[in-house]
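K.L.:
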Amino acid sequence: MSCDGSVGRREESQTGNGNGNGVVASSRPLYASHRLRLNPNTDHKPENYDDLQLEFSPSVFSSLERYLPPSMLNVSRDAKVQYMKEILSRYLPEGERTRVQRHREYRQKIISNYQNRCGRMWRKSLSLPTHKKKSLSLPRRKPLHRELYTIHPTTFFVPSFIKAISENTEESLRSIISEPSPGVYTFEMLQPRFCELLLSEVENFEKWVREAKFRIMRPNTMNKFGAVLDDFGLETMLDKLMDDFLRPISKVFFAEVGGSTLDSHHGFVVEYGKDRDVDLGFHVDDSEVTLNVCLGKQFSGGELFFRGIRCDKHVNTETQPEEILDYSHVPGQAVLHRGRHRHGARATTSGHRINLLLWCRSSVFRELKKYQKDFSSWCGECQREKKERQRQSVAASKLELFRREGESMI
Ligand SMILES: [Zn+2]
């Protein structure tokens, strides 16, 4: 996503270095006239793009729509899609387009065999050549709990959480949220029954994976166990969870890292214990805001440890004593933190622990970040450096003052 100034700069540098690699492929035209507004039109109600097969999440289009120039706001949905696709295409090089296409096929293959509708009907509706449709046939298994695939607040969440979100004031949110260390927020969130259902659903699609001998993609480079929930049909439900329940909280507590403009997510479960992952090294998440909720079951160990928030440049700098926090998981209780909050998980020493993770991202924040150097509003080290610069400047001013006083004494 881009705002007025950045688009111009990109095209200039592309022409300047002359190699044409990177963002704009030489075979595609430059849409120099396509511009977005710098600030969103917050009164505008965006269209719903959920039914379209797009290279980016439908919510990216809904979010981007508010940045369209006024003349584009009332044109047809197709025209808007075309306009936004042309802008977004500058951010998707050929290699990435192939990867996105492959991932879409991978997900279709799973959903056509593990889904609510009749597999044959589903395959028929796909816009793929017949030989590709045939290759989608695998042993089939149906979801166990259809009620998980759309949000039902009263059966998913505890009453205190629903109340705070529906009141939607900073005061109501603070009344249910604890902050055991700056930037780490915890609160009661999921009903025990919902945790049970989700655990059994995860077990059910893992059974399908074994029956079908299907190689699934793991949630990230660090977890060898667990599954991406978005690939198994839970994407819409998790999008709604982010939009309606996490964005109101992030808007208040994580505004400086795009908390109010979260527009895409990566949702998955991780599994720890015997015959699963043991622990998780020190890292940052590929997210602006991360939700981490323990679903169960019985376990010991597995504490999360936090070590301060850092920008890319400072990710390996020292931890200050006040940044140290160890947190023990409680099933149903959520932990919400910035993706750039450095953390890891200690070994799960006995039993079996499964956590739900939702990495929430903001395309607006990511775009704007490219043109910023100082992150002292959230990076602990940038903050420390800024204070040090201020301290030195005050010290220099004092010295100058003493020198002048000294001179006038002579
Ligand atoms: Zn920094």
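Mapping of the sequence shown onto full-length UniProt numbering: position 293 corresponds to residue 293, and the numbering continues sequentially without gaps.
No residue lacks a Cβ here, since even glycine has one placed at the ideal position from N, Cα and C.
1. Under the assumption that residue 272 contacts residue 155 (Cβ atoms under 8 Å), give the Cβ distance between them as a whole number of angstroms.
2. Per DSSP, which one or two residues make a beta bridge with residue 184?
3. For residue 25, collect the residues of the same chain with a Cβ closer than 6 Å to its Cβ; drop the 5 residues on either side in sequence, then sort them by chain order.
4. Which residues have a Cβ closer than 5 Å to any heavy atom of ligand 1, listed in chain order?
5. Give the single residue among 70, 56, 288, 48 whose Cα lies nearest to the Cα of residue 41.
6. Per DSSP, what are the beta-bridge partners of residue 348 in this structure?
7. Please name the residue, chosen from 408, 206, 150, 59, that lies closest to residue 360 on a Cα-to-Cα basis.
8. Buried or exposed: which applies to residue 79, given that a residue is buried once 16 or more other Cβ atoms fall within 10 Å of its Cβ?
9. Hey, how far is the Cα of residue 358 from the Cα of residue 35?
10. Can you tell me whether DSSP reads residue 230 as helix, strand or coil?
11. Quick one: what's residue 264 bridged to in DSSP?
12. Can you tell me which of 48, 385, 103 puts its alpha carbon nearest to the alpha carbon of residue 231?
13. Could you check the C-alpha separation between residue 142 and residue 114 for me, to the nearest Å?
14. Do you know whose CA, among 261, 298, 305, lies nearest residue 279's CA?
15. Could I get the ranges of all uninterrupted alpha helix (DSSP H) runs contained in the segment 159 to 223, with 4 residues as the minimum, in chain order?
16. Beta-carbon separation of residue 325 and residue 291 under 8 Å?
17. Residue 61 and residue 75 - do their beta-carbons sit closer together than 8 Å?
18. Does the segment 214 to 230 come close enough to the segment 162 to 169 that 3 or more CB-CB pairs lie under 8 Å?
19. Any idea what DSSP makes of residue 252, helix, strand or coil?
20. Give the secondary structure of residue 316 by DSSP, where H, G and I count as helix, E and B as strand, and everything else as coil.
21. Could you compute how far the alpha carbon of residue 308 sits from the alpha carbon of residue 256?
22. Specify whether the segment 281 to 290 and the segment 332 to 349 touch according to this definition: at least 3 beta carbon pairs, one from each stretch, less than 8 Å apart.
23. In the DSSP assignment, find the unbroken beta strand (DSSP E) run with residue 324 in it and report its ends.
P.N.:
Looking at the atomic coordinates:
1. Residue 272 to residue 155, Cβ: 27 Å. No contact.
2. DSSP, once it has assigned bridges, lists 181, 337 as partnering residue 184.
3. Any reading at residue 25 must be qualified, since the residue scores a pLDDT of 30, below 50, and its modelled position is unreliable; no value is offered.
4. Ordered by chain, the residues meeting the criterion of a beta-carbon within less than 5 Å of a non-hydrogen atom of ligand 1 are 311, 314, 375, 379, 381, 382.
5. With distances taken between CA atoms, residue 41 lies nearest to 70 out of 70, 56, 288, 48.
6. DSSP output for residue 348 lists 301 as bridge partner(s).
7. Its Cα nearest to that of residue 360, the residue 59 stands out among 408, 206, 150, 59.
8. By the neighbour-count criterion, in which 16 or more other beta carbons inside 10 Å mark a residue as buried, residue 79 falls on the exposed side.
9. The alpha-carbon of residue 358 is positioned some 31 Å away from that of residue 35.
10. Reduced to three states, the DSSP call for residue 230 is helix.
11. In the DSSP output, where bridge partners are listed per residue, residue 264 has 361.
12. For residue 231, the nearest C-alpha among the options comes from 103.
13. Computed Cα separation, rounded: 5 Å.
14. Of the listed residues, the one whose Cα sits closest to residue 279 is 305.
15. Qualifying alpha helix (DSSP H) stretches, in chain order: 159 to 167, 170 to 176, 192 to 211.
16. One thing to note: residue 325 has its Cβ no nearer than 8 Å to the Cβ of residue 291.
17. At the C-beta level, residue 75 and residue 61 stay beyond 8 Å of one another.
18. With the cut-off at 8 Å, the segment 162 to 169 and the segment 214 to 230 do not touch.
19. The three-state secondary structure of residue 252, taken from DSSP, is helix.
20. Looking at residue 316 - three-state DSSP - the assignment turns out to be coil, as it is neither helix nor strand.
21. Rounded to the nearest angstrom, the gap between the Cα atoms of residue 308 and residue 256 is 16 Å.
22. Contact holds between the segment 281 to 290 and the segment 332 to 349, because three or more Cβ pairs, one in each stretch, are under 8 Å apart.
23. First-last of the beta strand (DSSP E) with residue 324: 324 to 327.
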